[in-house]
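Here the structure is laid out as structure tokens; the discussion comes afterwards.
Numbering (our numbering), first residue to last: -11 to 489.
Next comes the structure, spelled out in structure tokens:
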């Protein structure tokens, strides 16, 4: 291990990615054959926003490690590619590793995970079965197989597998996921009371898991409260007449399970559209803002101190992040920035991109809450609120109350895409959506789902968008009228405001 590499590791562990990158570049220059240094170089490139370069470096390092037979490090690289959203690159590496070492449990498990994320369900199931044969007592593998069987609509196979897991009194993490997956299976089989009972059983387990506990439940409510106070029409409209040198993106947002992923897949059919998928590009804007205006203060108070040149620099930071992630794929295309909960950032969006556009995905609040509660979601400051029934309704109300507050104060144009309209009149709804973008509706928009197979979709509904649009998700809440009655008062203002009464 070279001194350059040691210094890079120390910087990475200290969360100083730019410094780590400089050290790993020196380590690779000193010894180009050092695959571990090249893998860390890839990680560091991704961490500083140069994702295209980073994942390419990780892919090359993983391939070289595989040639050397270092399967443990190959698996580490596959996991890193997962972390940076490069599931196609991970798939190439995982398939090659499985061909070379079919008896390796970790390799088969990673291949199954990778294929599952890419909607390659049959291949995922085969790899999961191979992993299960190598470790027949692994409880989480059984849960994972049940989840994949549910994705493949093999509900009669998934049900007894998940019931057997729960009958064996598994640990809280395994039990939480098994309850969630079994609820999804029972919902598909028409046992709605049984499904909701398992959701309620999962709720207290989630609250005790460290991955959810580490997220402060006060974070987003405090942000929304500050935004309400600080994002005035005067601030948001300050640069409306200013001519910026760069274009503005279109922001696709709403609430979880409201139809943003459906809209993403349809809009992405157009050759002149590029949709970023939950990439968090606005995060680079806020980091740049805090660097430009150091010290304490809310985002709105710091924006208030900027002149036009400062706002232009924030826009450049946004586009640097987009270019670092997507490169030439953006050339000559409209960027649709799909990040579902950017709804809470609408004040920031309107202030620095007054020439932008917003597509707001809307769905019956009762269906949204049922779907959120049903879905297994990764732990974040937002999804922590969705782990219990009343909490999901309360968090929905928080975000939608903010939407109703900020909507009439926005100066940029908004297209409200109603989920039920998309199901009932697909052609008319998306014709209007494309016209909002200044485009004609492309050929093949109605068969958008054919593109989902083999593609990574950063959404729990990834397997649903690989199927034709279906009407069973409309008024889904009626199957759960008794539990919906428990949150009816909380949702009533939004049911009324959005025209679902």
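Where a beta carbon is used, it is the ideal one built from N, C-alpha and C, also for glycine. Note that the structure is a prediction, hence the values are computed from the model and not measured.
Bridge-paired residues (DSSP) for residue i
i           : result
residue 299 : For residue 299, which the question treats as bridged, DSSP gives no partner whatsoever.
residue 265 : 326
residue 240 : 326, 347
Residue i (DSSP reduced to helix, strand or coil)
i           : result
residue 36  : coil
residue 309 : helix
residue 16  : helix
residue 457 : coil
residue 404 : strand
residue 363 : coil
residue 387 : helix
residue 334 : helix
residue 430 : coil
residue 478 : helix
residue 52  : helix
residue 220 : coil
residue 492 : Any answer about residue 492 is impossible in this case: the structure gives the chain only from -11 up to 489.
residue 178 : coil
residue 4   : coil
residue 284 : coil
residue 197 : coil
residue 257 : coil
residue 468 : helix
residue 84  : helix
residue 225 : coil
residue 397 : helix
residue 355 : helix
residue 488 : coil
residue 233 : coil
residue 375 : coil
residue 215 : helix
residue 293 : coil
Residue i and residue j closer than 9 Å at C-beta
i           : j           : result
residue 31  : residue 4   : no
residue 250 : residue 410 : yes
residue 483 : residue 354 : yes
residue 190 : residue 143 : no
residue 14  : residue 45  : no
residue 401 : residue 332 : no
residue 219 : residue 395 : no
residue 116 : residue 132 : yes
residue 415 : residue 462 : no
residue 457 : residue 377 : no
residue 384 : residue 357 : yes
residue 99  : residue 79  : yes
residue 374 : residue 292 : no
residue 170 : residue 193 : no
residue 11  : residue 39  : no
Rounded straight-line distance, which links the Cα of residue j to that of residue i
i           : j           : result
residue 208 : residue 34  : 26 Å
residue 363 : residue -5  : 42 Å
residue 466 : residue 479 : 15 Å
residue 180 : residue 174 : 7 Å
residue 164 : residue 151 : 13 Å
residue 490 : residue 129 : Residue 490 lies beyond the range of the chain shown here (-11 to 489); nothing can be said about it.
residue 76  : residue 330 : 26 Å
residue 167 : residue 16  : 47 Å
residue 304 : residue 421 : 27 Å
residue 380 : residue 243 : 11 Å
residue 403 : residue 423 : 10 Å
residue 257 : residue 413 : 18 Å
residue -10 : residue 83  : 32 Å
residue 245 : residue 359 : 6 Å
residue 61  : residue 471 : 48 Å
residue 182 : residue 149 : 16 Å
Test: residue i CB closer than 9 Å to a CB of chain C
i           : result
residue 146 : The structure shown contains no chain C; it is built from a single protein chain.
Kindly confirm or deny that the segment 285 to 293 and the segment 198 to 208 touch, where touching means at least three C-beta pairs closer than 8 Å.
no
Using 8 Å as the threshold, is the segment 211 to 218 in touch with the segment 376 to 396, meaning 3 or more CB pairs across them?
yes
Counting Cβ pairs closer than 8 Å, one from the segment 230 to 247 and one from the segment 322 to 342, do we hit at least three?
yes
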